[in-house]
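First residue of the sequence shown: 1037, per our numbering; consecutive thereafter.
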Amino acid sequence: MRASEKEFVMQNSASQCYVLFAWLVLFSSSLRVSRAVQDYTGTNQTLQLEALKTSMLEYLGMDKPPPFKGKSSYQELIRIYRQYQNMRRNMQSFQSGPSHFLHTAVRPLNSQNGPESVTQWFRAVFHRESHITDEFLLAQAQLQLQRPLHNNFVQPLHNQKILVRIYISSHSYINKKIKSRGQNITMDVTFAVHEWLKKTSDALLIVDIGLVGNKKDDTEPTVQICLELKLMDSKVRNTRSTYGESFEDDSYCGRKSLSVSFEEIGWSDWIVAPAGYTMYFCDGSCPHNYKPASMHTQIKSRLHRLTKGATPRPCCVPAEYEPMILMHYDSRGKLKLTSFNDLIVTKCHCA
């Protein structure tokens, strides 16, 4: 499986500011949660989620979630998921962050004898480590195989047949045959690891490796297996140095957020990826000359002061966006990708 891999200003009156705020609540989201600002009441959260659900369905051309019609085949799921990852990568909304390496003991299993070859199997069992929480946003996962240079078992290192099988909770996710091109082999396993991270924390990721060799070679084969998980760092999650983008002064214009999980709202049966995201919207007061979008905004702010509030002050609105890609089933039960353009608010200003 190859490298892995995305997704809408008003002014004048106080009532318009309110309408704009509602619109931003409907159409502001991201791939994960920022817990810095979650001070909303349960009622507000419920209203925001219901408004968001209605708006997303309308954008997808549906009046209700599609009925469950069975899942796509494994091959179709892999094909669409590759497209999903490629679209996200091509939009360059995210930058590769730090890598986490998962190591585990590798134990030999039984060997299988063929007419002219023998396959020695090895197993590595990976557990979810404590630092891999729901906040972990996966960009890419790679399976790394390393064979010591003294390992003369089977064919030359550059042309050895290797069987790879990956299981999660007894369900097979990868079953393929590859040929080595050297001592170290790297294989993309993002889809399988993505599914693993969606499971409970005690779910196991089991990797079976089969080295195919010549029966005449008596050398005992060995292999080292490691998982590299690359964390996804969104530009919108980076600490911004621009004025007012931090959460230190929550009353002024800035981005606010609310965590959303498709599983918690009952949509995980028809939305495949992402598993969750963060609603982002702009809110807060716009004091005089605070993050003005234009000269018009500055004039509008002065008029508000001169008229002692008779003229509305500027509103807190989005300044920059990013798209989001949704991998989902449509009303016909077909797996597809939908791009929500200008959806993720990355910066706010006053206008």
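In this text, a Cβ means the ideal position worked out from N, Cα and C, and glycines have one as well.
Source: prediction; values computed, not measured.
Per DSSP, cross-strand counterpart(s) of residue i
{"i": "A1160", "result": "V1142 and V1243"}
{"i": "C1262", "result": "H1139 and Q1180"}
{"i": "C1384", "result": "P1354"}
{"i": "P1134", "result": "Bridge partners of P1134: none, in fact."}
{"i": "V1308", "result": "Looking at the DSSP assignment, V1308 forms no beta bridge with any residue, so it has no partner."}
{"i": "Y1365", "result": "L1371"}
{"i": "N1250", "result": "S1153"}
{"i": "N1220", "result": "Q1182"}
{"i": "L1267", "result": "L1174"}
{"i": "F1376", "result": "M1360"}
{"i": "S1166", "result": "BP columns for S1166 are empty, so no partner."}
{"i": "Q1148", "result": "T1155"}
Boundaries of the beta strand (DSSP E) in which residue i is found, first to last residue
{"i": "Q1182", "result": "L1174 to Q1182"}
{"i": "H1207", "result": "H1207 to K1215"}
{"i": "R1291", "result": "G1290 to S1297"}
{"i": "L1199", "result": "K1197 to I1204"}
{"i": "F1317", "result": "G1312 to D1319"}
Host alpha helix (DSSP H) of residue i (start-end)
{"i": "V1225", "result": "Unbroken run through V1225: none, as it is neither H nor E."}
{"i": "K1336", "result": "M1331 to L1342"}
Chain C contact for residue i (CB, 8 Å cutoff)
{"i": "V1229", "result": "Absent from the structure: chain C. Only one protein chain is present."}
Distance between beta carbons of residue j and residue i, contact taken as under 8 Å
{"i": "S1293", "j": "T1314", "result": "5 Å"}
{"i": "M1363", "j": "A1309", "result": "4 Å"}
{"i": "L1263", "j": "I1198", "result": "With 8 Å as the limit, L1263 and I1198 do not qualify as a contact, their Cβ atoms being about 16 Å apart."}
{"i": "P1350", "j": "C1386", "result": "4 Å"}
Cβ neighbours of residue i in the same chain (closer than 6 Å, five flanking residues each side left out)
{"i": "H1136", "result": "L1265"}
{"i": "S1367", "result": "M1098 and P1102"}
{"i": "S1108", "result": "L1371"}
{"i": "L1060", "result": "Only weak support is given to the placement of L1060: the predicted model assigns it a pLDDT of 38, under 50, and the question is left unresolved by the model."}
{"i": "S1205", "result": "A1239"}
{"i": "S1277", "result": "Summary for S1277: the model assigns pLDDT 35, below 50, so the residue's position carries little reliability; its value from the coordinates is reported in the next sentence. So the list is empty, once near-sequence residues are dropped."}
{"i": "Q1260", "result": "Q1182"}
{"i": "V1229", "result": "A1177"}
Residues near residue i by beta carbon distance below 7 Å, same chain, minus five either side
{"i": "Y1357", "result": "D1378, L1379, I1380, V1381 and T1382"}
{"i": "F1376", "result": "E1043, Y1095, P1359, M1360 and L1362"}
{"i": "P1134", "result": "L1267"}
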